[in-house]
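Report on one structure; see the data block that follows.
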Amino acid sequence: MATGRFTFFFTKESPFSQFYPCQFKVDGCTFSCAEQYMMYRKAKLFNDHATAEAILAATKPAKMKALGRQVDGFNDDVWKEHRWEIVHSGNMAKFGQNPELLRTLLDTEGTTLVEAAPNDCIWGIGLAESNPDARDQSKWRGLNLLGQILTRVREDLKPTAVMGSTVADTMLALSKHTFTTDIVTAVLPVKKVEQKKTMRPSLFFVLTKSRSRTGDVTLHLVKKGDKADSYKRKKTWALTDIRHVDGCSAGDLDLELTFADGAKKRWTCFSHRDKQEYAERMQSTVRQVRGCAIKFANFPSNLGGAAKSAGVGGSVGSSGVASSGVQQRRRELQRERGDSFAAKADDGTGKSSDAGGAFDMLSDAESRDLQAFLDSNKESVHNAENFVRRLNEQLRSLELSNIHALISSGAQVTQLTDHVQSARGVVEQLEHRVQGYTGRLQSVAPAIECLADRDKLAKLSAANQLRAAEALERLLAAIRFDESDRRLLREPNFKDRACVPALLKAARQCDSVLAADVPPELRKMAAVKDSTEGLIELKRSFASALVRHLNDIFINYANRRTTARSKSLAFSGHDENKRELLQFSQLMAWLKLNNREMFDELKGRYSRSLSKVYDAEFREVMETVKAILQPLSKDKGKPGALRHAGSNSSLNREGSKRSIGGGGGADSNPADSSSSSTLSSIAATLGSSVATLDNVFEKVLDALEPMVDSEETFCQAFFDLQPSVQQHATLTSSVMSTVSDDGTILSVDSGDQSLTRQEGKQELDELLKQIFSSAVSFLDALASACHLVSAEFSMQMLVRSADRSDRQSGRGRHLGYLYAQLCLRAKQRFDQFIDQMSAEFLEFRANKKSRCGVVAPVLTYEKFASRAGPVFRDSKRLPDLERAHEKLLETLVNLVERVAQEHGKTPPAVVLMENFHRLESIVRSQRMQRLDRMRRDLSDRHKQNRTEYVRNYMGRPLEKLSEFFDGVEQNLSRGVTPDEVGYLQQYSRAELKKIIRDYPAKDVKRNLEQLRKRVEKHLSEEGSLLTAVWHEMQQTLLAQYNQFNRLIAQCYPNANLALEFSDHDLLRFFNDIGSRSSP
């Protein structure tokens, strides 16, 4: 049935079915259907000749298929390699040899052939035509090999059908419109040699014979016009003008003609068959035309011999006709020519009678006499007058001889007449006697005929009775259903476990009876109809009873839940209930195949009942978790708890020493006195707040994991959600074996039983999502409860959930989905933790009455980094931590820059220098490649601000000297020579000598001590940069000292001037001051 872009077929009544009856021949063997050819070739493939003969002898397709499945030495890999070619060749013969079937196949043009076999996933699609998924190719369950092969056969046979119809139509149109006075005997579609691929021919070789002129045969080259049945003659040649026809080669489609003038022309045919048939037709016509000598070359051997004869013996007038070929030529002429031109009847003497008068073929005797006559008159033939005179004399002599013979034979004629008269009398007597015998037999004939009819009817009646008895026996055997099985299905006892296998056996036997191979005409019998309807009703009532019983079990399952469970983090086990249900798993598979609607309804009831059970358990476990975490919530940690308790200033300015999760005491919960002892003991064993949260979190997940895996394993077995129907028995037995004697359900290795069908996997996922509909909400509540106690614990939640999700990846289990949801929610809590910390950093305000130093958010960040590093180490969620570091660092950089601008007591360069140095050290300790860019940026900022600080405060120990030599350098840069500098009043030798006296060694040391005190006042202990800054000031002052000496030597060379302290004095001053100031 064609629907849209698909043509569906399935039953054996369809012409596309392998079972459809039709005859075709392949390699001398006759086959009654394509299935017989397929199974015959299958047996031959594996050298099972006995089975191959049995398949040829079989008359029913079902028997052929059964024999094909019993082939010895069968190898599935070999069969898969050859099955396409075998079925393709069989269908090519089937449709190629049956025009009606080919026409039906070609009518499906534009659609894909689809075998809608619901139980065949190899040759069909595994779906019935009525299934909506059958029209969606992505949802097909089978390969549709037969449909693909039939689609290919249609494309392969299409050119042959098109070409055949083209030649026939062209021949008819030429006869009606173009060659009305001639007879069209052959048409050959051709094309030019240089012309590329062409589907429709436009050039034709047409061979015609004249109706009015005997022996006038002509070859035409005709071109098809634009209008229908419009053809135009391009060229015309008499057959006698052609000397040679060359087929070029056996595998070539070219055809070359050589004409009397030596010209050669070549065309290309469309098929080898057309080329061969046209050459045979042309060669047959050559034999009928006198004076035509055409040679045929490079054609198959059966044409070559005949062509050779045509080319050698075509000229009758010159050398005579070979007598051995005369009869053969006449027979071929009569066989090949079907028109009036060749309609001659052989009278047995070798002569032919021609009503139309074309010409007469010579018999062997005539040929011999003519040859002898010509040999005896060789000389006279060249003298026409003498030859005619001699022939007339011989003719007169023959006439006189005939007359003399007639006169002399008169007596003999009279005697012959008397004998004939006597013979007529004898014949009359015999006729009279025969008439008497005939009259007597006329009365006996009816009685004999009646006896013959009675015997025939008796034999026919006996044969029909025997066949009817055999048919009834087969029918009864096919529809027989034991009464004991009928009683089991009518009154099933599901409570007795021993009866379940018997019920399953009876149900399958009922299916077998309903699926029996009963001919359609027998199914119309009232008894068969009543039996079938009764079994269908019995199946329906049994399915309803099964659904009611299982539904009662589901209700008891939900009500059997413990009403008062202990306050623990473990989930209740349901192994006893599942063991009770698993005994019905094979009956559920039967229900799934026979009544999908009831099966889906029962599955929905189970999911709704179990959803309520698990929802109640999730609520109870959550209440237990909240009760355990209640003592910790009094001291719950906030991001502020990360602040460094020993810093001079903090975010809350209280120097809190609590941990990030708050104190973890073991006090009982006064709100729940009935469980206070239990909760106190659990809290006491878990220790600190973070440890308590981690322990509670892990225990809940450890309890959740076996429960979800056990439920998924049970659903796979009980609801038959397996990869395929064939694997049902294996997987069911495997799941049954996982139930121990005490009812505990063990886990099943998902690697060996992974679902290969996406449909079964989706159905299982949907069922588990319905059963555990409240699991995601429970995990979200668990994450929220832990986050409320300690926001820092979001790090542990993220890492734990991610690790568990990674362990489940690739297994296709529902637990992986739940862990992924938990990981998502843990990530949200972690992001909230980072956002909250960042917001509190931005809200920080420094105390402007005291020096700033390292701000408290930097110390808080340092504590966060030291705690987060071990948690995320070797975790795949490390990129989340890196992004958190980037966000916090950006916030801290902006915060430090703002504090540096706002704080008036501490120089901005000092605030920036100390905090950037501390942040650089923290980032370096994390060893994260992603933070290298920020680490380098912090290092550059720290060095830049340290240099700026040194530059701003270094000029004070030698302030006058620095100003003097700055002026000297400015004059030098303006073009004043070093010798002229000393003559400038402001920079004279006397002025320099006066400034040098102002800086004796003891005053320089005193200035350095004052500089040291100012630096110590600016820098804080947390920054730990005093030594580095002091060392950089030392290097800067030594560089200034060397620069002063260089300028003195350059501009005042003979002035005998020098500073009153040396570089060694400076080094000693810096060391002495640094050692006295160090703690």
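For the sequence shown, position 553 matches number 553 in full-length UniProt numbering, and the numbering has no gaps at all. Don't be surprised by glycine CBs; every beta carbon is placed ideally from N, CA and C.
Is it true that the CB of residue j sits closer than 8 angstroms to the CB of residue i?
i: A117; j: G110; result: no
i: V923; j: R935; result: yes
i: R867; j: L798; result: no
i: A186; j: L207; result: yes
i: L221; j: K234; result: yes
i: A775; j: F599; result: no
i: L56; j: C33; result: no
i: L912; j: A900; result: yes
i: W84; j: K42; result: no
i: L602; j: N556; result: no
i: V217; j: P201; result: no
i: R804; j: L693; result: no
Rounded to whole angstroms, what's the CA-CA distance from residue i to residue j? Just pull it up for me.
i: L888; j: E792; result: 15 angstroms
i: S175; j: V184; result: 6 angstroms
i: A463; j: A471; result: 12 angstroms
i: D742; j: V871; result: The predicted model places D742 with a pLDDT of 39, which falls under 50 and marks its position as unreliable; any figure quoted below should be read in that light. Distance between the alpha carbons of D742 and V871: 41 angstroms.
i: S262; j: F296; result: According to the sequence as given, residue 262 is Gly; it is not Ser. Distance between the alpha carbons of G262 and F296 is about 16 angstroms.
i: A452; j: A478; result: 39 angstroms
i: S17; j: F9; result: 7 angstroms
i: D615; j: F772; result: 8 angstroms
i: W267; j: L253; result: 9 angstroms
i: K863; j: K905; result: 27 angstroms
i: L865; j: N1071; result: Note that residue 865 is Ala in the sequence shown here, rather than Leu. So the alpha carbons of these two residues sit roughly 37 angstroms apart.
i: L892; j: R927; result: 19 angstroms
i: D339; j: R396; result: Below a pLDDT of 50, predicted positions are generally treated as unreliable, and D339, at 40, falls in that range; the measurement from the model is reported next regardless. If I take the Cα positions, the gap works out to 41 angstroms.
i: A641; j: V613; result: Caution applies to A641, whose pLDDT of 41 falls short of 50 and renders its modelled position unreliable; the value that the coordinates give is listed next. Near 41 angstroms, if we compare the C-alpha coordinates of V613 and A641.
i: F1061; j: L1067; result: 11 angstroms
i: E1009; j: R989; result: 30 angstroms
i: M837; j: G853; result: 21 angstroms
Within the continuous beta strand (DSSP E) that includes residue i, where are the two ends?
i: I536; result: Unbroken run through I536 is the alpha helix (DSSP H), A526 to N559; no beta strand (DSSP E).
i: L127; result: Neither: L127 is in no beta strand (DSSP E) and is coded neither H nor E.
i: V114; result: T112 to E115
i: S210; result: L203 to S210
i: I122; result: Taken as a continuous stretch (DSSP letters only), I122 belongs to no beta strand (DSSP E), as it is neither H nor E.
i: A186; result: D182 to K192
i: L221; result: V217 to K224
i: A297; result: K295 to A297
i: F24; result: F24 to V26
Could you check which residue in the options has the C-alpha nearest to that of residue i?
i: R281; options: G262, V245 and S249; result: V245
i: G215; options: R200, L239, L632 and L1066; result: L239
i: C823; options: S838, Q796, R211 and E840; result: Q796
i: A884; options: V700, F16 and F833; result: F833
i: A703; options: L779, Q929 and D252; result: L779
i: L768; options: L1047, F714, P879 and L958; result: F714
i: residue 1090; options: Y983, H88, D156 and L143; result: In the structure displayed, the chain extends from 1 to 1079; residue 1090 sits before or after that span and is not available.
i: K275; options: T258, N298, R290 and Q288; result: N298
i: P1053; options: I553, W140, A691 and D979; result: D979
i: S212; options: D229, T181, A228 and R579; result: T181
i: L538; options: V193, K524, L503 and D966; result: L503
i: K139; options: L146, L145 and N131; result: N131
i: I536; options: R490, M525 and K524; result: R490
Name the DSSP bridge partner or partners of residue i?
i: I242; result: F259
i: D254; result: T268
i: W237; result: L219
i: K232; result: K223
Just to confirm the assignment, what range does the alpha helix (DSSP H) spanning residue i have?
i: F1061; result: Careful: F1061 lies outside any alpha helix (DSSP H) and carries neither H nor E.
i: F31; result: First-last for F31: C29 to F31, but that is the beta strand (DSSP E), not the alpha helix (DSSP H).
i: W84; result: D76 to G96
i: K887; result: L878 to E902
i: W590; result: S585 to N594
i: R997; result: R989 to R997
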